[in-house]
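Remarks on the structure that follows.
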Amino acid sequence: MDSGFDFDVIERSLGYLFREGMVFTLTLTGLAMAGGIIFGTLLAMMRLSAFKPLSMIAGAYVNLMRSIPLLLVIFWFFFLVPYIGAWVVGADQPIRVGAFWSAVITFTMFEAAYYCEIMRAGIQSIARGQVWSGYALGLNYWQTMGHVVLPQAFRNMTPVLLTQTIILFQDTSLVYVISATDFLGAASKVANRDYRLVEMYSFVAVVYFIISYSLSLLVKRLQDRIAVIR
Amino acid sequence: MLLEQEPGGTGTYLQYLIVGLGWTLATALAAWLIALAIGSMIGTLRTTNLTWLVRIGNLYVEIFRNIPLIVQMFLWFFVFPELLPKELGDAIKQMPPPWSSYIPAVLCLGIFTSVRVAEQVRAGINSLPRGQRMAGTAMGLTQAQTYRYVILPQAFRIILPPLTSEFMNVIKNSSVALTIGLLELTGRARAMQEFSFHVFEAFATATVIYLLTNLIVVLLMRALEKKVRVPGLIAAGGAPQAGH
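From first to last, the protein sequence lines stand for chains B and C.
For the first sequence, the working numbering assigns the number 1371 to the initial residue and increments by one for each residue that follows.
For the second sequence, the working numbering assigns the number 46 to the initial residue and increments by one for each residue that follows.
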């Protein structure tokens, strides 16, 4: 390895790093956030359901996901998704799913467990009278949830949901283990090709730091602005 | 399947995974000691009135909180030895495996977790009534003595439940060490399915081992919490937190 920090290798690979890698990372983060919040909210409603089997299934799912390492979940889904896909479309051979969609499904399913706990706390923080007044107005369960409870729960929980999303953004770098070309994966390919590990990994760390830190500052400002006056 | 011999010739696959659990726990426990020591110190410093110490504490927390764990792992493994004087860096790189991955993994996880411990310690200290600190001062204690005898003994007992979940996070996060070549539980499950093609058995066994480990940690910590609970306080669940 040559001595001295080689900025040139970073400059040469900027296009590849951001157009391939960062686009992969951000798309994955966006899709998994959307999917995770929707599925997580449904899980939270199941967990709070008065129908015992439903709340037990949701509880077991959330606790299972929260007890095992994300890496193990990534391996599990990378192996299982082709079979589940085959079962869904009725094919008799496991279907080919690329690293990207495998990662989207993994992160959606995994983060849903964490979003679920946040949404559960959000729903539980709403005064019971809100639900009663919904029913008193003649709304059914879904209308009460959709128009009265969830909008308030989302509002109260937005900062925590966003903080969780920053963590999700950082955690997507673990798709490195299934050889996906996310931001870290792209950098690692350049690093190993040109034998410039110090430069590439330091650069990756700086980029992740700038993005995560700026986002966390934004969340902090948002938190001060939307805090409900009680 | 689990009782078949693994190709390395060290015993059955089950034994192979159990040794993996050993490495997982060895990594997690060593990292936890570092995390507790540094985390308590930084968390405490950030609640004092020493402005520049608070700033250093904030900087430390922001740096290690905003870089993904796997990237930090690579920094410790690939970059850190290059920054040291040449002899020392070479000595680190030439350590025999598994130590060459174990030591960077422990440092990385320890420091990564210390940030989260620091946040808990700070939250615990700030949750105490202000009167506690004033009472300490009124008794003629110095700031250091107030922390030692009044604030910290209460704060640590309050934050035991969130510390428990941080400890379980270290156990789970230690799996990231497989990316720098440490064959801990998840790494061994992956290796096992590569040798044997019994993917389902490998991952299912690892999952069960993680679940059992979690269960044991929860039971032990619950017993400890009961023992050290501050009389007269409602055991609070705490606010919801983001995590991974």
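Note that beta-carbon positions come from the ideal geometry of N, C-alpha and C, so glycine has one too.
Computed from a predicted model, the values in this text were never measured in an experiment.
T57/C has Q50/C as its beta-bridge partners, per DSSP. Inter-residue distance for G1492/B and G185/C is about 44 angstroms (C-alpha atoms, whole angstroms). What Y1431/B touches in chain C, judged by beta-carbon distance under 8 angstroms, is nothing: the nearest beta carbon there is about 13 angstroms away. E1487/B sits in a helix when the DSSP states are folded into three classes. Residue state for Q1593/B is assigned as helix, using DSSP reduced to three classes. The Cβ-Cβ distance between V1443/B and F1470/B does not fall below 7 angstroms. With respect to Y1571/B, V124/C sits close: the two C-beta atoms are nearer than 7 angstroms. Within the stretch 1521-1536 of chain B, the residues whose Cβ lies closer than 7 angstroms to some Cβ of chain C are V1530, T1533, Q1534, listed in chain order.
When 7 angstroms is used as the limit between beta carbons, W1446/B is near these residues of chain C: F248, in chain order.
The stretch 1542-1561 of chain B and the stretch 104-120 of chain C touch, with no fewer than 3 CB-CB distances between them shorter than 8 angstroms. R161/C places its beta carbon less than 7 angstroms from that of E211/C. Here E229/C carries a coil assignment [DSSP, helix/strand/coil].
Interface flag for I156/C against chain B is unset, since no Cβ pair is found closer than 7 angstroms. Among the CB atoms of chain B, none fall inside 7 angstroms of the CB of V151/C.
Within 8 angstroms of the CB of S1572/B, the CB atoms of chain C belong to L120, V124, in sequence order along the chain.
Each of P149/C, F201/C, G134/C was checked against the Cα of L227/C, and the nearest Cα belongs to P149/C.
Sequence-distant partners of C153/C (beyond 5 residues in either direction) whose C-beta falls short of 6 angstroms from its own C-beta, in its chain, are Q117, M118, W121. Taken through DSSP and simplified to helix, strand or coil, F1447/B comes out as helix. Among the residues of chain B, none has a CB under 8 angstroms from the CB of I137/C; the nearest is roughly 14 angstroms distant. A contact is defined here as three or more CB-CB pairs under 8 angstroms, and the stretch 189-204 of chain C fails this definition with respect to the stretch 1583-1597 of chain B.
In this structure, R202/C lies near V273/C, with their beta-carbon atoms less than 7 angstroms apart.
Non-local beta-carbon contacts of M140/C in its own chain, meaning distances under 8 angstroms to residues more than five positions away in sequence, involve I148 in chain order. Boundaries of the alpha helix (DSSP H) harbouring N259/C: 244-273, taken from the DSSP string. T252/C has a beta carbon lying within less than 7 angstroms of a beta carbon in chain B. With fewer than 16 other Cβ atoms from the protein chains shown falling within 10 Å of its own Cβ, W1512/B counts as exposed. Taking 7 angstroms as the CB threshold, P1439/B lines the interface with chain C.
The CB of F1470/B never comes closer than 9 angstroms to any CB in chain C; the least such distance is about 18 angstroms.
Interface criterion met: the Cβ of S1582/B is under 7 angstroms from a Cβ in chain C.
Close CB contacts of V1379/B within its chain, under the 8 angstroms cut and outside five residues either way in sequence, are with V1560, D1564, R1566, E1569, M1570 (chain order).
At least 7 angstroms separates the CB of Y1565/B from every CB of chain C. Distances from the alpha-carbon of V195/C to those of V263/C, A251/C, M213/C, T89/C put T89/C closest. Secondary structure within the stretch 120-168 of chain C: the alpha helix (DSSP H) runs of 4 or more consecutive residues, fully enclosed, are 125-128, 131-138 (chain order).
One alpha carbon belongs to A1461/B, the other to K138/C, and they sit about 49 angstroms apart.
Looking at the backbone, the Cα of A1556/B and that of P142/C are separated by about 27 angstroms. For M1527/B, the enclosing alpha helix (DSSP H) covers residues 1520-1541. Among the residues facing chain B, T231/C is included, as its CB has a counterpart in that chain under 7 angstroms away.
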